[in-house]
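For reference, the structure discussed in these notes is given below.
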Amino acid sequence: MSALLRIQALAVNTVREAVRSKVLYVLLFFALVLIGTGVLLSTLSYVERERILQDVGLASIRLFGAAIAIFVGVGLIHKEVDRRTIFTILSKPVSRTEFLLGKFAGLVVTLWIQVAIMAAGFLLVSWMAGAPVNAGHGKAILLAAGELAVLAAVATLFSSFTTPMLASLFGAGFYLMGHMTRDLRELGLASGSEASARATALLHRVLPDLEAFNVSIEAVHGLPIPAAAVWQPLAYGACYAAVLLLLAAVIFERRDFR
Amino acid sequence: MSHSEEPVVWVQDVVKDFRPGFGLRRKRVLDGISFSVRRGEIFGFVGPNGAGKTTTLKILLGLIYAGSGEAAILGHRVRETAFRRDVGFLPENPYFYDFLTGREILHFYARLSGVSGESRARRVDDLLERVSLTHAADARLRTYSKGMLQRIGIAQALVHDPQVVFLDEPMSGLDPIGRKEIRDLILRLHAEGKTIFMNTHILTDVEMLCDRVAIIVKGRIRYEGRIEDFLEGERHCDLTLANLPPELAESFERQYGAELSGRGENVEFRVAEKHSGEMIRAAQGAGAEVRALAPHRVSLESIFLSAVEAGSREEKP
């Protein structure tokens, strides 16, 4: 129980740091501006104006969420070591794994707060443009939040052992590859080569399948999104994040903080 | 060994190597160091920059791991975490979350240390008063001066009322007033029965505060013991004589091991105090005059410098 309280204290502090940081507000501002530009873009079309507006809105939430996750996440641990704030924290009865989990939880909560604010912007713009909003939009935003938790775990893993610059590259690489693994697997199968099929299937297994979290098209077009299309990716994301955090903890436990 | 005699900090044959860079040869930073700290004492861990003081401290606090050897605090291996409820730490040039206020940061550290809600607010207020920061309690740390940061650092080290407090260069970069404040604080903690482990290279602070010291040079412990034992040893004095026949001066050197430190009209010897009476009588018998007789006190600085020199000599092939 006391371990949970320590993780909570670290998480609350991480959220507090984000809330008091000006950089995040700038990113959030641009995200809201982009959601708003959906109105402008939709006026360029004579058909499906509402869909274009909502497509841009949901894409903005997902893209800016990912940018914030990687941007904030890569410095999450490295900054603590670099600025030596970790020294006084680990001198308290806090294990390194608790520290890592606290920072991760704080980052996830920060991202979810950002998603909530962007979702509010999305709803406002949809309402102003008279575009219909249904449960599908809620599911799409929920899955976007799940995807961000996975990305936060990716960023935490890389931040636990490398510099923010490298972690940014790895994080962005994971994000891009994560959205391509399904296509790659299909490509491997279609190639007719068994080796290619196996290699792409392996990539699909090892890298996160982030496309599983993308139901924007269904939501925008009002297509049905079954419950399994929501809880399965969320469960998959939770397991994937847990494995990444376990790996991060193993690496972090072995480090010397010079 | 009774419970009270059990060392609070115990280090045995600890070795630590660092690799200065990728592909470079490992460098030995700690070379089999051993020492212990007793309950309730102020222990000075003294050494020049780069001697291995901070590395030792980081091993004790679990921030880095020893290559070999053992270290324990309050009977617990340093890799454990639960015992740190009884340990406080002030790093050198501490950096804290500057987006927090003084009060917020103390609450944060108190939560991490498991201080419960009711007593936490009281404890934080008490500590802010104790380190004279009540007036700045609700100001962000980014507005604090270096002295104020050092004091909030000490407050965070004490927020959970630990038994042992580790201070890494606590007076570093402070003005004379700031140094006196920290010194007074350390003495108050000592009076409360806390064990204090202090890394420093400021020898006047060590002489003023510490009960025992260990001198570390190039990763090896050169001396460990009570300050008094270092400083007292055999008492010496400086004896200045005029018109001393040269053959008598030579005999003083041979017979009493007197060190001749000045020649000319006045001859000056550094000699063990117990021989000074005989030498004065012999000199006066030979027609010499006593010009001065002054006790000579060995300073911690001279011991420190000779330890550093010994370390340098050993390193040369």
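Protein chains in written order, with numbering that gives the first Met the number 0: chain A, 0 to 257; chain B, 0 to 316. Ideal Cβ placement from N, Cα and C applies to all residues, glycine included.
(request) Mind listing, in chain order, the continuous alpha helix (DSSP H) runs of no fewer than 4 residues lying wholly within the segment 46-114 of chain B? (result) 52-59 and 101-111
(message) Per DSSP, what are the beta-bridge partners of L292(B) in this structure?
(response) L238(B)
(message) Give me the residue from G310(B), L247(B), Y255(B) and V307(B) with the minimum Cα distance to G284(B).
(response) L247(B)
(message) If contacts are defined as beta-carbon pairs under 8 Å, then S158(A) and A166(A) qualify, I think. What distance do you get, rounded to the angstrom?
(response) 5 Å
(request) Using the Cα positions of P169(B) and P90(B), report the straight-line distance between them to the nearest angstrom. (result) If you take the alpha carbons of P169(B) and P90(B), they lie about 8 Å apart.
(request) Name, going along the chain, the residues of the segment 104-133 of chain B whose beta-carbon falls closer than 7 Å to a beta-carbon of chain A. (result) F107, Y108, R110, L111, S112 and G113
(message) I'd like to confirm the pairing. Which residues does DSSP put opposite D327(B) in its beta bridges?
(response) Outside the shown range of chain B, which is 0 to 316, sits residue 327(B), and nothing can be said about it.
(message) Within the continuous beta strand (DSSP E) that includes D12(B), where are the two ends?
(response) Where D12(B) is concerned, the enclosing beta strand (DSSP E) stretches over V8 to F17.
(request) Evaluate V258(A) with the Cβ neighbour count: other Cβ atoms within 10 Å of its Cβ, from every protein chain shown; 16 or more gives buried, anything less gives exposed. (result) This structure cannot speak to residue 258(A), because chain A is shown only from 0 to 257.
(message) Between which residues of its own chain and G146(B) is the CB-CB distance below 6 Å, once the five residues before and five after are set aside?
(response) Close CB contacts of G146(B) within its chain, under the 6 Å cut and outside five residues either way in sequence, are with L173 and G177 (chain order).
(request) Give the C-beta separation of G87(B) and L140(B) to the nearest angstrom, bearing in mind that I take them to be a contact with Cβ-Cβ under 8 Å. (result) So it is not a contact: roughly 18 Å between Cβ atoms.
(request) Note down the Cα distance separating L201(A) from L244(A), rounded to an integer number of angstroms. (result) 21 Å
(message) Once DSSP output is grouped into helix, strand and coil, what is the label at A135(A)?
(response) It is Gly, not Ala, that sits at residue 135(A) in the sequence shown. Helix at G135(A).
(request) State the start and end residues of the unbroken beta strand (DSSP E) segment that holds L9(A). (result) L9(A) -> not in any beta strand (DSSP E); alpha helix (DSSP H) instead, spanning S1 to V18.
(message) Give me the chain B residues within the contact set of I88(A), using Cβ-Cβ distance strictly less than 7 Å, ordered along the chain.
(response) L111
(request) Starting from the C-beta of A139(A), find all residues in its chain whose C-beta is less than 6 Å away, skip the five residues before and the five after it, and write them out in chain order. (result) L57, V214, S215 and A218
(request) At 8 Å on the CB atoms, spell out the chain B contacts of P92(A), in chain order. (result) T80, A81, F82, R83, R84, L111, S112 and G113
(message) Among the candidates R61(A), R257(A) and L39(A), whose CA atom is the shortest distance from the CA of S125(A)?
(response) L39(A)
(request) Enumerate in chain order the residues of its own chain whose CB-to-CB distance from A144(A) is below 6 Å, with the five nearest sequence positions on each side excluded. (result) W111 and V114
(message) Below 7 Å on C-beta distance, what does D255(A) contact in chain B?
(response) Those are I63 and Y64, listed as they occur along chain B.
(request) State the start and end residues of the unbroken alpha helix (DSSP H) segment that holds R219(B). (result) It is not in any alpha helix (DSSP H) - R219(B) instead sits in the beta strand (DSSP E) that spans R219 to R225.
(message) If we define contact as Cβ-Cβ less than 8 Å, is L75(A) a contact residue for chain B?
(response) no
(request) Tell me, to the nearest whole angstrom, how far the beta carbon of L56(B) is from that of F165(B); I am working on the premise that it is less than 8 Å. (result) The Cβ separation is near 6 Å, so the contact holds.
(request) Tell me whether the beta-carbon of L27(A) lies closer than 8 Å to the beta-carbon of L75(A). (result) no
(message) Counting C-beta neighbours from all protein chains within 10 Å, is the total for M0(B) 16 or more, i.e. buried, or is it exposed?
(response) Its pLDDT being 45, under 50, M0(B) is placed unreliably in this model, and the value from its coordinates should be taken loosely. Of the residues assessed, M0(B) falls on the exposed side of the cut-off, its CB having fewer than 16 other CB atoms within 10 angstroms.
(request) Classify G22(B) as buried or exposed, calling it buried when 16 or more other Cβ atoms lie within 10 Å of its own Cβ. (result) G22(B) is exposed by the Cβ-count criterion.
(message) Taking CB distances under 8 Å as the criterion, tell me whether L60(B) reaches chain A.
(response) yes
(message) Strictly under 8 Å for the Cβ-Cβ distance: is F42(B) near chain A by that measure?
(response) No, no contact with chain A.
(message) Suppose you measure from the CA of L43(A) to the CA of S94(A); what does that come to, to the nearest Å?
(response) 56 Å
(request) Classify L186(B) as helix, strand or coil using the three-state DSSP reduction. (result) helix
(message) I'd like to know if A267(A) contacts chain B, where contact means its C-beta is closer than 8 Å to some C-beta of that chain.
(response) Nothing in the structure corresponds to residue 267(A), since chain A is present only between 0 and 257.
(request) Just mark A154(B) as buried or exposed, buried being the case when its beta carbon has 16 or more other beta carbons within 10 Å. (result) When all chains shown are included, A154(B) counts as buried.
(request) Have a look at H134(B), R121(B) and R182(B) and flag the residue whose alpha-carbon is nearest the alpha-carbon of D160(B). (result) Closest by alpha carbon: R121(B).
(message) Taking 8 Å as the limit between beta carbons, can you name the residues of its chain near L52(A), skipping five residues before and five after?
(response) G37, V38, L40, S41, V124, S125, A128 and A130
(request) Show which residues of chain A have a CB atom less than 9 Å away from the CB atom of P169(B). (result) Neighbours of P169(B) on chain A: none; closest Cβ ~14 Å, over 9 Å.
(request) Would you tell me roughly how many angstroms separate the C-alpha atoms of V108(A) and L141(A), rounded to the nearest one? (result) 13 Å
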